[in-house]
Amino acid sequence: MANDTRTRILETTGLLLRQRGYHGTSLNDILSASGAPRGSLYFHFPGGKDQLVIE
26 MANDTRTRIL
36 ETTGLLLRQR
46 GYHGTSLNDI
56 LSASGAPRGS
66 LYFHFPGGKD
76 QLVIE
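Here the sequence shown stands for residues 26 to 80, numbered as in our numbering.
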(Lines of atoms letter the chains of each structure in order from A; the text may use other names.)
(Lines give C-alpha, C1' and ligand atoms only; values in the text may rest on other atoms or scores of the structure.)
Protein backbone atom coordinates (compact mmCIF):
# COMPACT_ATOMS: atom_id res chain seq x y z
CA MET A 26 0.00 0.00 0.00
CA ALA A 27 2.80 2.44 0.86
CA ASN A 28 4.46 1.76 -2.50
CA ASP A 29 1.11 2.37 -4.22
CA THR A 30 0.89 5.80 -2.60
CA ARG A 31 4.49 6.59 -3.50
CA THR A 32 3.92 5.50 -7.09
CA ARG A 33 0.70 7.50 -7.33
CA ILE A 34 2.48 10.63 -6.07
CA LEU A 35 5.34 10.16 -8.56
CA GLU A 36 3.01 9.55 -11.50
CA THR A 37 0.85 12.53 -10.61
CA THR A 38 3.91 14.74 -10.22
CA GLY A 39 5.21 13.71 -13.64
CA LEU A 40 1.86 14.43 -15.27
CA LEU A 41 1.48 17.84 -13.66
CA LEU A 42 5.06 18.85 -14.42
CA ARG A 43 4.57 17.96 -18.09
CA GLN A 44 1.35 19.96 -18.20
CA ARG A 45 2.26 22.98 -16.06
CA GLY A 46 6.03 23.01 -15.61
CA TYR A 47 8.00 23.16 -12.37
CA HIS A 48 6.93 26.64 -11.28
CA GLY A 49 3.31 26.01 -12.24
CA THR A 50 3.02 22.92 -10.06
CA SER A 51 2.66 23.23 -6.30
CA LEU A 52 2.74 20.55 -3.62
CA ASN A 53 -0.93 21.30 -3.01
CA ASP A 54 -1.63 20.58 -6.69
CA ILE A 55 0.18 17.26 -6.42
CA LEU A 56 -1.64 16.30 -3.22
CA SER A 57 -5.02 17.27 -4.60
CA ALA A 58 -4.57 15.44 -7.89
CA SER A 59 -3.07 12.31 -6.33
CA GLY A 60 -5.46 12.10 -3.40
CA ALA A 61 -2.52 11.38 -1.10
CA PRO A 62 -2.37 12.76 2.43
CA ARG A 63 0.22 15.48 3.08
CA GLY A 64 2.01 13.26 5.61
CA SER A 65 2.54 10.58 2.97
CA LEU A 66 4.22 13.03 0.64
CA TYR A 67 6.74 14.05 3.28
CA PHE A 68 7.20 10.46 4.47
CA HIS A 69 8.15 9.24 0.99
CA PHE A 70 9.78 12.48 -0.19
CA PRO A 71 11.24 14.39 2.77
CA GLY A 72 13.01 16.70 0.30
CA GLY A 73 9.65 17.93 -1.00
CA LYS A 74 9.11 18.99 -4.60
CA ASP A 75 12.81 19.02 -5.44
CA GLN A 76 13.13 15.36 -4.48
CA LEU A 77 10.02 14.49 -6.47
CA VAL A 78 11.48 16.09 -9.59
CA ILE A 79 14.78 14.26 -9.19
CA GLU A 80 13.11 10.88 -8.84
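Ideal Cβ placement from N, Cα and C applies to all residues, glycine included.
Give every residue of the same chain whose Cβ lies closer than 7 angstroms to the Cβ of Arg33, excluding the five residues on either side of it in the sequence, and list them in chain order.
Within the same chain, Arg33 has close Cβ partners Ser59 and Ala61.
Tell me which residue opens and which closes the alpha helix (DSSP H) that Tyr67 is part of.
Where Tyr67 is concerned, the enclosing alpha helix (DSSP H) stretches over Arg63 to His69.
Am I right that Leu56 and Thr50 are in contact with their C-beta atoms under 8 angstroms? What's the rounded C-beta distance?
In fact, because the Cβ distance is near 11 angstroms, the residues do not count as touching under 8 angstroms.
Give the DSSP-derived three-state secondary structure of Thr50 in the structure shown.
Three-state result, Thr50: coil.
Rounded to whole angstroms, what is the Cα-Cα separation between Gln44 and Asp54?
In a straight line, the C-alpha of Gln44 is about 12 angstroms away from that of Asp54.
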